[in-house]
Amino acid sequence: MLKTVLIFSISLIPALAGALPSIAGDYSVSNVTTSADRVQLTLRLRLRNAEATPLHGAQVSLRTRAGDALLRGGVDLDAGTSLNFTSDVVLTPVEYRLLQRGANPSIVIETLDSAGTPVKSFAVLVRKMVSGGAK
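All the letters of the sequence shown, read from the start, carry residue numbers 82 to 216 under our numbering.
This is how it looks when you write it as structure tokens:
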């Protein structure tokens, strides 16, 4: 069993943010188990809402080649607050290798606006350097 820890930060793409508040944060990967056709890992994600607009009842998903993998539903994030959570994720070996090499994966945030219309936005995950450099 191989164990790896990766740390990343996220920010919403402004042009796609629409009615959603500005969400930022970071995540780390741990408990990595590899096999020939899949990589299972634990994703620890911290989301922060830096604006005055709250986020309520959102679904947060990781974009993968197989489709969006739900990380957590029912996310409530008031203005100026943060939320920590973990989720087990399965990736292909190719996706995991790209992640290790600094690829920029993304998450999808889905919620309803004040009129009840579904709103979907994407946040790009950007690798965050830690002391000692990334490994």
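We put the CB at the ideal spot given by N, CA and C, even for glycine.
Fair warning: this is a prediction, and the values are worked out from it, not measured in the lab.
Quick check on residue i: does DSSP put it in helix, strand or coil?
| i | result |
| --- | --- |
| Glu191 | strand |
| Lys84 | Since pLDDT at Lys84 reaches only 43, below the 50 mark, its modelled position is unreliable, and the value read off the structure follows with that caveat. Lys84: coil per DSSP, three-state reduction. |
| Pro186 | coil |
| Ser202 | strand |
Is the beta carbon of residue i sitting closer than 8 Å to the one on residue j?
| i | j | result |
| --- | --- | --- |
| Arg267 | Val141 | Given a span of 82 to 216 for the chain in the structure shown, any question on residue 267 remains unanswerable. |
| Leu143 | Pro199 | no |
| Val110 | Leu128 | no |
| Val170 | Arg119 | no |
| Ala105 | Ala133 | no |
Note the first and the last residue of the continuous beta strand (DSSP E) segment covering residue i.
| i | result |
| --- | --- |
| Arg127 | 120-130 |
| Arg182 | Here Arg182 belongs to no beta strand (DSSP E), and DSSP marks it neither H nor E. |
| Asp159 | From DSSP, Asp159 is part of no beta strand (DSSP E); its letter is neither H nor E. |
| Thr134 | Careful: Thr134 lies outside any beta strand (DSSP E) and carries neither H nor E. |
| Gly106 | 104-115 |
Within a Cβ cutoff of 6 Å, which residues of the same chain sit near residue i, ignoring the five residues on either side of it in sequence?
| i | result |
| --- | --- |
| Ala139 | Val156, Ile190, Thr192 |
| Leu137 | The residue you asked about is not Leu; residue 137 is His in the sequence shown. Excluding positions up to five away in sequence, the list reads Asp157. |
Just to confirm my understanding: we take residue i, look at its own chain, exclude 5 residues before and 5 after, and list those with CB closer than 8 Å. What are they?
| i | result |
| --- | --- |
| Asp149 | Ser142, Leu143, Val189 |
| Leu180 | Leu87, Val110, Leu172, Pro186 |
| Ala147 | Thr173 |
Given 8 Å, three or more beta-carbon pairs between the segment 152-164 and the segment 174-187: no
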